[in-house]
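Numbering (the working numbering), first residue to last: 56 to 523. Glycine residues also receive a C-beta, built at the ideal position from the N, C-alpha and C atoms. Just so we're clear, the structure is a prediction, and the values are computed from it rather than from any experiment.
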């Protein structure tokens, strides 16, 4: 995610503090009930226990005129314990029917996004099962936590850390990624964009039906559907990856930026290894949105998007999408690296910018402003995930690069993200891995930059060539 305010102010961002008010789920004490949360300390009701989702097959119809959604989602999962009841995350329109393994199941909706399912027969550990959920009704527009309505009458889904549950039921936690397929039907004059490869696009009887497949695992908030009167741009990367990008009616001016996507992919493949998905592209909306988002393989770009934003969101395809966080407290792995790639590495290597001077200027400007340093990079706290990782994250990584040296730093980050391809990682794992790649003791450095909420001591603030 790249926020609009990152482009205008740094200190203002440092003042942003949000309190998390998510309720903590009580322990029912029932050993045969799947937990209502997956254990993320920031969002205790996100995700669920007792099973792992393996694949989502989402079939929806959407009528832009009335914002009406009809849906039927199949969740293929494997039980990790014996269960007579389990939860799915879902906050969308009214549910009419649920089946488990083809048999009718009881269901109830509790809290903000819990769909509690009671199968007719208990589920046994280690065995696969399938849940089918039918639902229909009007969707509600948001300012970036689910459905967003476009000026043309179209709509799209975007939001981090939550958005997917607004249009299909799922196990909504980054620690349970699954493959994803979408079958969407809209009036014939509309187009549908989503993640991955488009496998079917047919107009018949006044309707258009489009199928999409994301064949690599994806976290829920990185899935999307976008419906608009799009124009398209098809390209191919230097490595042969097919690229498909879409532009809403008032977003056509962004084509010039998106035409540089092959160059951006080539640049980032040199840094982080082969592009991890079957296809790439972008979805350029013309709706006033405060962020752009790294939806997997095809980011959603707000109207204010510039070249740096595209570099940022494409970096997320490695840092955040292919390799996802274990918990939201690990968000620096996503945003620190995407920001460093766009704000330091691209200007340095493409434009010849002196990034050491850029670093020193930033530190000089904010070194005596406590607000700039008060939110930790590791475990920033619920509601503060998307603050310091943008403005202090690049400084941390540049200082780490200088204390390690380029010969150690770049292979280390390349190998770390590659070794977690299609999986999850945590900041403690990153710290341990990087330490294994250098003889320099990084304990004090990591503590000062990641754990503390004040300015690092000068020995950590100005390591290596940054001292001059």
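*Roughly how far, in whole angstroms, is the beta-carbon of residue 102 from the beta-carbon of residue 231, given that I think they are within contact range, below 8 Å?*
Reading the chain shown from its first residue, position 47 is the one you call residue 102. Reading the chain shown from its first residue, position 176 is the one you call residue 231. 6 Å between Cβ atoms; contact.
*Which same chain residues, not among the five before or five after residue 255, have their C-beta less than 6 Å away from its C-beta?*
Here residue 255 corresponds to residue number 200 of the chain shown, with the count starting at 1. Around residue 255: 266.
*For residue 456, is the classification buried or exposed, using 16 other Cβ atoms within 10 angstroms of its Cβ as the cut-off for buried?*
Walking along the chain shown from the start, residue 456 turns up at place 401. Buried.
*With distances taken from CA atoms, which of 372, 253, 361 and 124 is nearest residue 306?*
Against the chain shown, residue 306 aligns to sequence position 251. It is 361 whose Cα lies nearest to the Cα of residue 306.
*With a 10 Å radius around its C-beta and 16 neighbouring C-beta atoms as the bar for buried, classify residue 512 as buried or exposed.*
Residue mapping note: residue 512 aligns to position 457 of the chain shown, counting from 1. Under this definition residue 512 is an exposed residue.
*asked:* Going by beta-carbon coordinates alone, are residue 352 and residue 317 separated by less than 7 Å?
replied: Taking the first residue of the chain shown as 1, we reach residue 352 at position 297. Taking the first residue of the chain shown as 1, we reach residue 317 at position 262. No, Cβ-Cβ distance for residue 352 and residue 317 is not below 7 Å.
_Nearest to residue 382 (by Cα), restricted to the options 326, 503 and 99_ = What you label residue 382 is simply residue 327 of the chain shown in a count that begins at 1. For residue 382, the nearest C-alpha among the options comes from 99.
*How is residue 246 classed by DSSP in three states: helix, strand or coil?*
For the purposes of this step, residue 246 is identified with residue 191 of the chain shown, where counting begins at 1. In this structure, residue 246 counts as strand in the three-state DSSP scheme.
*Around the C-beta of residue 259, are 16 or more other C-beta atoms found within 10 angstroms, so that it is buried, or is it exposed?*
On the chain shown, position 204 is the one that residue 259 refers to. The residue is exposed, with fewer than 16 neighbouring Cβ atoms inside 10 Å.
*Report the residue from 321, 500, 477 and 221 whose alpha carbon sits nearest the alpha carbon of residue 487.*
For the purposes of this step, residue 487 is taken as residue 432 along the chain shown, with counting starting at 1. Nearest to residue 487 by C-alpha distance, out of 321, 500, 477 and 221, is 500.
*residue 340 in three-state terms, based on DSSP*: For the purposes of this step, residue 340 is taken as residue 285 along the chain shown, with counting starting at 1. Residue 340: coil per DSSP, three-state reduction.
*Quick one: give me the first and last residue of the beta strand (DSSP E) that residue 466 is part of.*
Along the chain shown, read from residue 1 onward, the residue named residue 466 stands at position 411. Counting along the chain, residue 466 falls outside any beta strand (DSSP E), though it belongs to the alpha helix (DSSP H) covering 461–474.
_Please identify the residue among 473, 115 and 137 whose C-alpha is closest to the C-alpha of residue 323._
For this step, residue 323 is matched to residue 268 along the chain shown. If we check each option's Cα against that of residue 323, 473 comes out closest.
*Answer yes or no: do residue 130 and residue 186 have a C-beta to C-beta separation smaller than 7 Å?*
By one-based count along the chain shown, residue 130 stands at place 75. By one-based count along the chain shown, residue 186 stands at place 131. In this structure, residue 186 lies closer than 7 Å to residue 130 by Cβ.
_Run through the DSSP bridge pairs and tell me what residue 194 is partnered with._
Here residue 194 corresponds to residue number 139 of the chain shown, with the count starting at 1. For residue 194, which the question treats as bridged, DSSP gives no partner whatsoever.
*asked:* Among 241, 436, 341 and 290, whose alpha-carbon lies nearest the alpha-carbon of residue 121?
replied: Stepping through the chain shown from its first residue, residue 121 is reached at position 66. Comparing Cα positions, the closest option is 241.
*asked:* Bridge partners for residue 131 per DSSP, in chain order?
replied: As a first step, residue 131 is located in the chain shown; it is residue number 76 there, counting from the start. Partner(s): 110 and 185.
*Entirely within the segment 392–450 and at least 4 residues each: give me those alpha helix (DSSP H) ranges in chain order.*
If we require 4 residues or more, the alpha helix (DSSP H) runs fully inside the segment 392–450 come out as 401–406, 410–421, 425–428 and 443–446.
*Which whole-angstrom value is the C-beta distance of residue 217 and residue 276, which I expect to be below 8 Å?*
Mapped onto the chain shown, residue 217 falls at position 162. Mapped onto the chain shown, residue 276 falls at position 221. Going by Cβ atoms, the distance from residue 217 to residue 276 rounds to 6 Å, so yes, they are a contact pair.
*Identity of the residues DSSP links to residue 356 by a beta bridge*: Sequence index remark: in the chain shown, residue 356 carries index 301 (1-based). According to DSSP, which records beta bridges pairwise, residue 356 is partnered with 339.
*With a CB to CB cut of under 6 Å and the five nearest residues on each side skipped, what residues in its chain are close to residue 357?*
Position 302 of the chain shown holds residue 357. Contacts found: 344 and 347.
*Tell me, please, whether the segment 268–282 touches the segment 308–315 by the rule of three or more beta-carbon pairs shorter than 8 Å.*
Too few Cβ pairs lie closer than 8 Å, so no.
_What residue range does the alpha helix (DSSP H) around residue 486 cover?_
Counted from its first residue, the chain shown places residue 486 at position 431. That run of the alpha helix (DSSP H) goes 482–490.
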